[in-house]
Amino acid sequence: MNRERRSLAELAEFVGGRIVGDPETIITGVSAIENARRGDITFAVEEKYLQNAAATEASCIIVPPHITESELPLLQVENPRFAFARIASLYAPQRRFEPGIHTTAVIHETAILGREIAVGANVVIGENARIGDCSVLFPGVIVGRDVSIGDHTHIHSNVSLEDGVTIGSHCVIHAGTVIGSDGFGFVEDKGKHYKIPQIGTVVVEDNVEIGANCTIDRAASGQTVIGSGTKIDNLVHIAHNVVIGSDCLIVAQVGISGSVRVGDHVVFAGQAGVAGHLTIGPGTVVAAKSGVTKSLPGHMHVSGFPAKPHNEEKKIVVSLPRLPELVRKVGQLTTAVQRLARRIDKLEGGPM
Amino acid sequence: MNRERRSLAELAEFVGGRIVGDPETIITGVSAIENARRGDITFAVEEKYLQNAAATEASCIIVPPHITESELPLLQVENPRFAFARIASLYAPQRRFEPGIHTTAVIHETAILGREIAVGANVVIGENARIGDCSVLFPGVIVGRDVSIGDHTHIHSNVSLEDGVTIGSHCVIHAGTVIGSDGFGFVEDKGKHYKIPQIGTVVVEDNVEIGANCTIDRAASGQTVIGSGTKIDNLVHIAHNVVIGSDCLIVAQVGISGSVRVGDHVVFAGQAGVAGHLTIGPGTVVAAKSGVTKSLPGHMHVSGFPAKPHNEEKKIVVSLPRLPELVRKVGQLTTAVQRLARRIDKLEGGPM
Amino acid sequence: MNRERRSLAELAEFVGGRIVGDPETIITGVSAIENARRGDITFAVEEKYLQNAAATEASCIIVPPHITESELPLLQVENPRFAFARIASLYAPQRRFEPGIHTTAVIHETAILGREIAVGANVVIGENARIGDCSVLFPGVIVGRDVSIGDHTHIHSNVSLEDGVTIGSHCVIHAGTVIGSDGFGFVEDKGKHYKIPQIGTVVVEDNVEIGANCTIDRAASGQTVIGSGTKIDNLVHIAHNVVIGSDCLIVAQVGISGSVRVGDHVVFAGQAGVAGHLTIGPGTVVAAKSGVTKSLPGHMHVSGFPAKPHNEEKKIVVSLPRLPELVRKVGQLTTAVQRLARRIDKLEGGPM
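Protein chains in written order, with my numbering: chain A, -2 to 349; chain B, -2 to 349; chain C, -2 to 349.
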């Protein structure tokens, strides 16, 4: 971290906040509340976390407007977490990428390169590829034919962009990820599997971030799409012809089957899966390890496998530990009822 | 897509089909039934899908022999899906790989290279490796020592083939996949884990396709085997000493533990797992997210964790939402039975 | 395998064992008990496995001290599995890596290289990186700026070590793995996700082995840590700020969410997951496919999702197949109780 000196007044202006305390307080870094040192700014979204703050050496706490009192200087903003992230970016070490093309990069003569791009060692750029301005290709990146990359996009080491895929501007693609591999499309005839040609492509829109070692398959025909602003974690699998909306969050090891359509602002927690050809409406939240087997209208929180409304699943999960006891009890009840029946038989003067 | 013009007669001959309608109909492309444009050929496996066809602009529909009437020309074949895939391959853009070895490829002097191979930029081929005729190595592929690759095999970018592995002919291995990494074999002594040398290898037979970013470990000793014609999706893990039969389908993110033996024509759906040392008989279908914990004789459809016959699992899954109500009901029944018992006591002149 | 000739006496001395039988027996290799050939040494940890041994052609069996009789020569040791692994390493083909730097490697002038390192073709080593003595970088490895690698560490093909990460001595990192990718840290403001700068790093301590195509994210701030002696299988995801203790085993496709703290000697079986910010105490065993949702004190065996003590989960799993029948029975009981109630009503002279 650059431990640069900035006044609290300067930071308040940067994030549009209101200071409670000394505006000349010097801030030299950012930190989570439990690790903060003297000079650090930290944040708290609820009053209860301020007790931790009292114990830290932090020099200022970013808080929501309703928190007004503390022994430490406060910076009041509407969204403390967001203000914290923005201030953190001020102190983050800015790695500048010197524009330039490493002498070992292999660039096809027909490729079109933007201004101020940085191309690392052993990068390969294919025929008719196009790289936008200020983009950065780390060492070992392979860019296939007819690939298009926008401006200010960073592609980390050993990423493979297969022929024809399109990556937007202001994207980040982490190391080892593969975009544009063939979809898993085969047809069976007499017990053998024959490949269905995968002649579509992948479009990754602007402001998308994709984690490390993900796989995003090209469409059988048409496009696999990752909508703008969507963020994808590591080891995620997106099958052919999937269309993901904007501003989704897809956590690590999620798998989305072929031709699924996902609306905007959908969240998939870790290791969840979705069966093929479903539609997941906007605003859906899919809990970790869930398996979605039916289309969802949107704005639901689902969990379990098969995925159900989270409240229903929770009731099942809470009841499950009682199941072994239930089996026993039902056995006992059956015996008890038989015994009562015999006693009633007797009272009725029935079979004795 | 090459929008080349072919007559329906020509296509019927190619797939061995029978035309209902005008054999001179011109076909310029292929498409799914819902997206078909004028000039496209599409397919329908059941009568009910023909209603969609009526609404499309398709110029011909591939159908099974029992479908005989439609407003559009028909092409009757035994397996419409397969005929469609074959015709699609006619129209798929054929990427021709110019034979040749890129100047930046690093090839050991002892390596044996077949005829008409295409070796991309920054490929590394190790000592005593052998590449068959007409095979294609994309940029950044690493071929270890003593690796053998058959004819007409395509290895995509940044694949790592570790020392000694064997890849058959007519295989496709997608980007980022690792074949021949060490198996996960350790032995504990006094709380420390010591490595068991992994001195076996991997054999991938002919006509195998392996997706992107998969991992296939070498055997501890002997061979890990992927049988001929088997197709593997992305991010699949195959542990050491696994033997997979022929013509299997293994969908994305499946994990198969060490020493498992899988018969021919087995299907694993996405995110399924198999515990170590089991035998999965031929024709088994393992549903998505299942966990197989016992050997299976074959020709079963299993699901759930632990995996059970699919019909049994389905009954459990259907019953589960009733579990919370069941807990309540059993409580009520217990009370009701106690109350009845007291009433009977009274009738019997028992304890009052 | 080197089929070198060693006497049983020599091997006994190497592992500190006691011979029952002829010390001059010649051993030329190692093998699992079911595949052993003449000249092989194998092992058996329990008497019952000796029956298999009787059927093999093995020339000697490594056994625990309480096994004293067999038709074959025995080698008695405290930990037969460990002795077997050590003897196997004697017979494993020792690949020697000729020290040297391939002419195509791209090494920054400020990098500091240890003695007798082997650097393969197309390796890239960044500014201020430091490689310890006798370490081996396979072809295509990318070492970022300020990366530090200890002594005797092997990094396989196409691994990406991002800027600033530290790898200890005697480590093995398998092909395609990414260490130091950004953590998945975003903050939402008005429906958009903004990146929280990930300015921490990753520390991999000594004697760690990491499988192929894993992803280990850098901390948001501070360090993600993999403790010494821990062994990680393929396709494992370790999120930012996770701290893993020493001598853990993490099997394939496990995912560990952000800021989780894992004690020493913890085992995660395949496809398990852990939710964020939990503490997993030392000696915990997490079964395959489990999902841990609460912190665990240590020395427990948990399974299921949400993970529970294994014994509790087992009871539920055993009861589940009875659930459909239970639903039916409770329905029948309800009817039976109503009928009894009516009969008692009658006996009591109640409503008729």
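Cβ atoms here follow ideal geometry from the backbone N, Cα and C, with glycine treated the same way.
Which of helix, strand or coil DSSP assigns to residue i
i, result
"aspartate 37 (chain C)", "strand"
"histidine 274 (chain B)", "coil"
"serine 316 (chain A)", "helix"
"phenylalanine 81 (chain B)", "helix"
"aspartate 179 (chain C)", "coil"
"glutamate 185 (chain C)", "strand"
"proline 321 (chain C)", "helix"
"serine 86 (chain C)", "helix"
"phenylalanine 265 (chain B)", "strand"
"lysine 291 (chain C)", "coil"
"alanine 333 (chain B)", "helix"
"glutamate 10 (chain B)", "helix"
"lysine 350 (chain C)", "Nothing about residue 350 (chain C) can be reported from this structure: the residues present for chain C run from -2 to 349 only."
"glycine 111 (chain C)", "coil"
"lysine 192 (chain C)", "strand"
C-beta contact flag for residue i and residue j at 8 Å
i, j, result
"proline 96 (chain C)", "glycine 117 (chain C)", "no"
"threonine 39 (chain A)", "alanine 55 (chain A)", "yes"
"proline 90 (chain C)", "serine 316 (chain B)", "no"
"asparagine 210 (chain A)", "valine 314 (chain C)", "no"
"valine 233 (chain A)", "isoleucine 247 (chain A)", "yes"
"valine 103 (chain A)", "threonine 101 (chain B)", "yes"
"alanine 249 (chain A)", "phenylalanine 265 (chain C)", "no"
"serine 132 (chain A)", "isoleucine 109 (chain A)", "no"
"glycine 278 (chain C)", "valine 251 (chain C)", "no"
"valine 17 (chain C)", "isoleucine 84 (chain C)", "no"
Exposure of residue i, with buried meaning 16 or more beta-carbon neighbours within 10 Å
i, result
"aspartate 19 (chain A)", "exposed"
"glutamate 310 (chain C)", "buried"
"aspartate 244 (chain A)", "buried"
"lysine 45 (chain A)", "exposed"
"asparagine 155 (chain A)", "buried"
"threonine 332 (chain C)", "exposed"
"lysine 187 (chain A)", "exposed"
"proline 62 (chain A)", "exposed"
"threonine 107 (chain B)", "exposed"
"asparagine 231 (chain C)", "buried"
"glycine 255 (chain B)", "buried"
"histidine 296 (chain A)", "exposed"
"glutamate 345 (chain A)", "exposed"
Alpha-carbon spacing of residue i relative to residue j, whole angstroms
i, j, result
"asparagine 76 (chain B)", "cysteine 57 (chain B)", "16 Å"
"phenylalanine 302 (chain B)", "serine 86 (chain A)", "45 Å"
"histidine 151 (chain B)", "isoleucine 207 (chain C)", "28 Å"
"tyrosine 191 (chain C)", "phenylalanine 81 (chain A)", "11 Å"
"glycine 356 (chain C)", "isoleucine 170 (chain A)", "It is not possible to answer for residue 356 (chain C), since the shown part of chain C is limited to -2 through 349."
"glutamate 66 (chain B)", "glutamate 43 (chain B)", "12 Å"
"valine 199 (chain C)", "leucine 5 (chain C)", "45 Å"
"arginine 93 (chain C)", "isoleucine 98 (chain B)", "29 Å"
"threonine 25 (chain C)", "valine 162 (chain B)", "24 Å"
"glutamine 195 (chain A)", "isoleucine 253 (chain C)", "34 Å"
"leucine 293 (chain C)", "alanine 29 (chain A)", "24 Å"
"alanine 240 (chain B)", "glycine 226 (chain C)", "The question names alanine, yet the displayed sequence has valine at residue 240 (chain B). Whole-angstrom Cα-Cα distance: 30 Å."
"asparagine 379 (chain A)", "cysteine 168 (chain B)", "No information on residue 379 (chain A) is available, as it lies outside the stretch -2 to 349 that chain A covers here."
"alanine 285 (chain C)", "aspartate 214 (chain A)", "28 Å"
"threonine 221 (chain B)", "histidine 262 (chain B)", "18 Å"
"alanine 41 (chain A)", "isoleucine 139 (chain A)", "43 Å"
"alanine 338 (chain A)", "leucine 337 (chain C)", "7 Å"
"phenylalanine 11 (chain A)", "glycine 273 (chain C)", "31 Å"
"leucine 47 (chain B)", "isoleucine 193 (chain C)", "52 Å"
"lysine 312 (chain A)", "valine 205 (chain C)", "42 Å"
Residue-chain proximity (residue i, chain F), Cβ-Cβ < 8 Å
i, result
"histidine 190 (chain C)", "Of the chains in the structure shown, none is chain F; the protein chains are A, B and C."
Inset, instruction - At 3 residues or longer, and completely inside the stretch 199 to 260 of chain C: list those beta strand (DSSP E) runs for me, N to C. - result: Listed in chain order, they are 212 to 214 and 220 to 223.
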